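So the structure is just underneath, and the comments pick up after that.
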Amino acid sequence: MARTRAAFYDPDGVRYGLPTFWWRGAPPGYATRRQLRAAGLRPGGQPIAGQVMWRGVGGDRVAYLYRVDLARPKRTATPAQRAAVDKALRARRTCSTCGEVRWYYIPRSLGECLDCAP
């Protein structure tokens, strides 16, 4: 085992306060937020169960781990929430000067579409 990996191996949490594993060394049953999201799950209010540490460009990096068995299914947006998001995104594409809906978002620095801007 390389020294880098051994420095981050603390399964009891004595050194770092949480069970700590090296990059790609987490045991089965633990997952990061991204891994949970890819599986259609979310942490669901559970506390952090562990961490993965590795050496990065700016220093040591950390990714927190959650228990998969305590994770809950991702919540889906209601039809009303989806309609509200669609309405807000449409408003970002509507020019305040000419009132046309553009295929791009109106630049906030201009406040109007590219055709109406000087």
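Per this note's numbering: the sequence shown = residues 1 to 118.
Just so you know, even glycine gets a beta-carbon here, dropped at the ideal spot from N, CA and C.
Just so it is clear, the structure is predicted and the values come from calculations on it, not from any experiment.
| Asked | Found |
| --- | --- |
| Which listed residue (P118, D69, Y16) has its alpha carbon closest to that of Q46 | D69 |
| 4-residue-minimum alpha helix (DSSP H) runs that sit fully inside the segment 21-63, ordered along the chain | 33-38 |
| Separation of R108 from R15, as counted between CA atoms | 49 Å |
| Whole-angstrom distance between A117 and C98, CA atom to CA atom | 11 Å |
| Reduced DSSP category for R5 - H, G, I as helix; E, B as strand; rest coil | helix |
| Exposure label - A88; buried when at least 16 CB within 10 Å | exposed |
| Euclidean distance between Cα positions of P19 and R82 | 39 Å |
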